[in-house]
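**Q**
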Amino acid sequence: MFTSFPLKSVTIPNRIVMPAMCQYSATEDGYVTNWHRVHYGARAVGGVGLIILEATAVEKRGRLSNHDLGIWDDGHIQGLRELVEIGKEHGTVMGIQIGHGGRKSWGDELVAPSSIAVPNMGTPHALTVTEIKDIVESWRQAARRVREAGFDVLQIHGAHGYLIHEFLSPLSNERGDEYGGSLENRMRFLLEIVEAVKKEWPEDKPLSVRLSAVDYLEGGLTIEDTVQISKVLKSRGVDLMDISSGGLLSARIELGPGYQVSFAEAVKKEAGLPTIAVGLITQAELAQEIIHNGRADFVALGRELLRNPYWVLEAKCEESVWPWQYHRAMPKR
Ligand SMILES: Cc1cc2nc3c(=O)[nH]c(=O)nc-3n(C[C@H](O)[C@H](O)[C@H](O)COP(=O)(O)O)c2cc1C
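Here the sequence shown is numbered in the numbering used here, starting from -16 and rising by one per residue.
1. From GLU272 to ALA247, what does the alpha carbon distance come to, in whole angstroms?
2. Closer than 6 Å by C-beta to PHE150: which residues in its own chain qualify, once you throw out the five before and the five after it? Chain order, please.
3. Compute the distance between the beta-carbons of GLY78 and ALA27, then report whether it is under 8 Å.
4. Is it a yes or a no for the segment 54 to 69 touching the segment 106 to 115, going by three-plus beta-carbon pairs under 8 Å?
5. CB LEU200 to CB LEU154, shorter than 8 Å?
6. Tell me the DSSP bridge mates of ASP225?
7. Between which residues of its own chain and ILE34 is the CB-CB distance below 8 Å, once the five residues before and five after are set aside?
8. Give a single yes or no on whether HIS148 has its beta carbon closer than 7 Å to a heavy atom of ligand 1.
9. Let me know if LEU289 comes out buried or exposed under the rule of 16 or more other beta-carbons within 10 Å of its beta-carbon.
10. Let me make sure I understand the geometry here. Which of ARG278, MET313, VAL210 and ASP280 has the alpha-carbon closest to that of TRP294?
11. Determine the DSSP secondary structure at ALA38, reduced to helix, strand or coil.
12. Residues in its own chain within less than 7 Å of LYS(-9) by CB, not counting five upstream and five downstream?
13. Helix, strand or coil, according to DSSP, for GLN124 in the structure here?
14. Given 7 Å as the limit, tell me if ALA298 has its C-beta closer than that to any heavy atom belonging to ligand 1.
15. What separation, rounded to the nearest whole angstrom, lies between the Cα atoms of ARG20 and ALA126?
16. Do you know how far the Cα of LEU63 is from the Cα of PRO292?
17. Under 7 Å Cβ to Cβ from ILE206, same chain only, skipping five residues before and after it: list those, please.
18. Helix, strand or coil for HIS143 per DSSP?
19. Using only the alpha-carbon positions, how far apart do ARG326 and ALA132 sit?
20. Quick one: measure Cβ to Cβ for GLY255 and LYS217, integer angstroms, because I've assumed they're closer than 8 Å.
21. May I ask you to check if the CB of PRO240 is nearer than 7 Å to at least one heavy atom of ligand 1?
22. Using CA atoms only, rank isn't needed, just tell me which of GLN266, THR258 and MET224 is closest to LYS299.
23. So the beta strand (DSSP E) THR(-6) belongs to, where does it begin and stop?
24. What three-state label does DSSP hand GLY30 in the structure shown?
25. Checking 8 Å against the spacing of the C-beta atoms, do ARG182 and ARG123 come in under that value?
26. Decide if THR258 is buried, meaning its Cβ has at least 16 other Cβ atoms within 10 Å, or exposed.
27. Measure the alpha-carbon distance for VAL282 versus LEU269 and round it to whole angstroms.
28. Please list the terminal residues of the continuous alpha helix (DSSP H) segment that includes GLY70.
29. Write down the C-beta distance between VAL192 and ILE118 rounded to the nearest angstrom, noting that I regard them as a contact closer than 8 Å.
30. Checking 8 Å against the spacing of the C-beta atoms, do ILE337 and ARG128 come in under that value?
31. Do LEU174 and GLY84 have their C-beta atoms within less than 8 Å of each other?
32. Cutting at 6 Å between CB atoms, please list the residues of its own chain near VAL304, excluding the five before and the five after it.
33. Between the beta-carbon of HIS73 and the beta-carbon of GLU11, is there less than 8 Å?
34. So, under 8 Å CB-CB, GLY82 and VAL41 are touching, yes? Tell me the CB distance rounded to an integer number of Å.
35. Does ligand 1 have even one heavy atom less than 7 Å from the beta-carbon of ARG143?
This is the structure:
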């Protein structure tokens, strides 16, 4: 758990990741605030190996709330760059998740592959092919801004029932054109985004995709689909898969410690890509077991790192890990 992991030119100092978690604390125009500086700064001081900034919107209409971070304008770059500098100063690798909420966005300009609403939300407009190409271009421009802000890892949000996932799942995609039908067609939108992002994203820096491995619903995405998508992503130059699940529509899920690890394990073993496992991993013993047994290459701790920014420090009482300012507080073991 405390060994480093090289991904292209970037070395992640340990296997603990803070996954993307919306903070709903940006200005209404999507700018960074002091909340982000303190929140991300604390986890960097706390020794997290890789911080992935919260879902940051590639288009204003694709935000999940009216206080999401944005990356649809060059004006957003400076604030994000400051967060990168804060993280790097403390030895943490800084990544960012960029996304689009699709039919689950905030506001009334909902777009999706097909005009199928989720319960209690408005009916989305089914995107035309020209509109799809425009959104892909927004992703490309966002990737350029991620590069200019100095991030070392870029993650495309393809999970949790948002726009990319809506294309991937047959339950939300009923298109009859080249973006719907077969799995090959349903993944076309994601592959076009990967291709557009790679035009801007440096070849020597890792590119990650987050997917919901399964929909937990009859007729929805299965782990076999996700392994297949991951194999194609690997061939298109994606370096790191972050494997979550669900979020398309409400479903019955058996929750328990590490409940999604087997999905990450399947992707790692069958698609041969480095993976992040996530979901109710709170104990150091479980995190260590997952890494030690090669079930995933990284473990992401979401809510646990919200509760305790110093989780990594508590798991490893060593002067080399602790910031010198805190050495007098180190428990003697
Ligand atoms: C407050 C909060 C905000 C979240 N926002 C995002 C997000 O922006 N993008 C994303 O992919 N997942 C998001 N998630 C899901 C987490 O990244 C993570 O997958 C989930 O919390 C399960 O991990 P955990 O059990 O360790 O918390 C969010 C979760 C929480 C609790």
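Every residue gets a Cβ at the ideal spot worked out from N, C-alpha and C, and that includes glycine.
**A** The structure says:
1. For the purposes of this step, residue 272 is taken as residue 289 along the sequence shown, with counting starting at 1. For the purposes of this step, residue 247 is taken as residue 264 along the sequence shown, with counting starting at 1. Taking the straight line joining both Cα atoms gives about 14 Å.
2. Translated into the one-based positions of the sequence shown, residue 150 becomes position 167. If we look at PHE150 and ignore the five residues flanking it on each side, its Cβ neighbours are PRO96, ASN156, ARG169 and PHE172.
3. Start at 1 with the first residue of the sequence shown, and residue 78 comes out as number 95. Start at 1 with the first residue of the sequence shown, and residue 27 comes out as number 44. Going by C-beta atoms, GLY78 is not nearer than 8 Å to ALA27.
4. no
5. The residue given as residue 200 occupies position 217 in the sequence shown. The residue given as residue 154 occupies position 171 in the sequence shown. Yes, they are a contact pair.
6. Here residue 225 refers to the residue found at position 242 when the sequence shown is read from its first residue. In the DSSP output, where bridge partners are listed per residue, ASP225 has ARG193 and ILE259.
7. As a first step, residue 34 is located in the sequence shown; it is residue number 51 there, counting from the start. Correct list, in chain order: VAL0, MET1, TYR23, ARG26, ALA27, GLY70, THR75, VAL76, MET77 and GLY78.
8. Counting from one through the sequence shown, the residue named residue 148 turns up at place 165. Not so, every heavy atom of ligand 1 lies at least 7 Å from the Cβ.
9. The residue given as residue 289 occupies position 306 in the sequence shown. Looking at its Cβ environment, which holds fewer than 16 other Cβ atoms inside 10 Å, LEU289 is exposed.
10. Your numbering for residue 294 matches position 311 in the sequence shown. When only C-alpha atoms are compared, the closest one is MET313.
11. Within the sequence shown, numbered from 1, the residue matching residue 38 stands at position 55. Strand, per DSSP.
12. As a position in the sequence shown, residue -9 is number 8, starting the count at 1. The answer, listed in chain order, is ASP187, LYS188, PRO189 and ASP222.
13. Here residue 124 refers to the residue found at position 141 of the sequence shown. It is helical.
14. Residue mapping note: residue 298 aligns to position 315 of the sequence shown, counting from 1. Incorrect: ALA298 has no Cβ contact closer than 7 Å to ligand 1.
15. For the purposes of this step, residue 20 is taken as residue 37 along the sequence shown, with counting starting at 1. For the purposes of this step, residue 126 is taken as residue 143 along the sequence shown, with counting starting at 1. The alpha-carbon atoms of ARG20 and ALA126 are separated by roughly 21 Å.
16. As a first step, residue 292 must be located in the sequence shown, where it is residue number 309. As a first step, residue 63 must be located in the sequence shown, where it is residue number 80. Spanning the two alpha carbons is a distance of roughly 20 Å.
17. Here residue 206 is taken as the residue at index 223 of the sequence shown, counted from 1. Here the set comprises ALA196, VAL197, PHE246 and ALA249.
18. The residue you call residue 143 lines up with position 160 of the sequence shown. The answer is coil: DSSP assigns HIS143 none of H, G, I, E or B.
19. Coverage of the chain is limited to positions -16 through 316, which leaves residue 326 absent and any answer about it impossible.
20. By 1-based counting over the sequence shown, the position of residue 255 is 272. By 1-based counting over the sequence shown, the position of residue 217 is 234. Correct: roughly 7 Å between the Cβ atoms.
21. Taking the sequence shown and counting its residues from 1, one reaches residue 240 at position 257. Checking every heavy atom of ligand 1 against the Cβ of PRO240, none is found closer than 7 Å.
22. Taking the sequence shown and counting its residues from 1, one reaches residue 299 at position 316. For the residues GLN266, THR258 and MET224, the minimum Cα distance to LYS299 belongs to GLN266.
23. As a position in the sequence shown, residue -6 is number 11, starting the count at 1. Residues -7 to -5.
24. The residue given as residue 30 occupies position 47 in the sequence shown. The answer is coil: DSSP assigns GLY30 none of H, G, I, E or B.
25. Start at 1 with the first residue of the sequence shown, and residue 182 comes out as number 199. Start at 1 with the first residue of the sequence shown, and residue 123 comes out as number 140. The displayed chain sequence assigns Lys, not Arg, to residue 182. Against a cut-off of 8 Å, the Cβ pair of ARG123 and LYS182 comes out as a contact.
26. The residue given as residue 258 occupies position 275 in the sequence shown. THR258 is buried by the Cβ-count criterion.
27. What you label residue 282 is simply residue 299 of the sequence shown in a count that begins at 1. What you label residue 269 is simply residue 286 of the sequence shown in a count that begins at 1. Rounded to whole angstroms, VAL282 to LEU269 spans 10 Å at the Cα level.
28. Your numbering for residue 70 matches position 87 in the sequence shown. Run containing GLY70: 60 to 72, per the alpha helix (DSSP H) assignment.
29. Position 209 of the sequence shown, counted from the first residue, corresponds to residue 192. Position 135 of the sequence shown, counted from the first residue, corresponds to residue 118. With a Cβ gap of about 16 Å, VAL192 and ILE118 do not count as contacting.
30. The structure shown does not extend to residue 337, since the chain is modelled only from -16 through 316, so no value can be given for it.
31. Here residue 174 refers to the residue found at position 191 of the sequence shown. Here residue 84 refers to the residue found at position 101 of the sequence shown. No, the Cβ-Cβ distance between LEU174 and GLY84 is not below 8 Å.
32. Indexing the sequence shown from 1 puts residue 304 at position 321. Excluding residues within five positions, the ones whose Cβ falls inside 6 Å are GLY30.
33. In the sequence shown, counting from the first residue as 1, residue 73 sits at position 90. In the sequence shown, counting from the first residue as 1, residue 11 sits at position 28. No, the pair does not count as a contact, with Cβ atoms beyond the cut-off.
34. Here residue 82 is taken as the residue at index 99 of the sequence shown, counted from 1. Here residue 41 is taken as the residue at index 58 of the sequence shown, counted from 1. About 7 Å; that satisfies the 8 Å criterion.
35. Taking the first residue of the sequence shown as position 1, residue 143 is located at position 160. For the record, residue 143 in the displayed sequence is His; it is not Arg. HIS143 Cβ: within cutoff of ligand 1.
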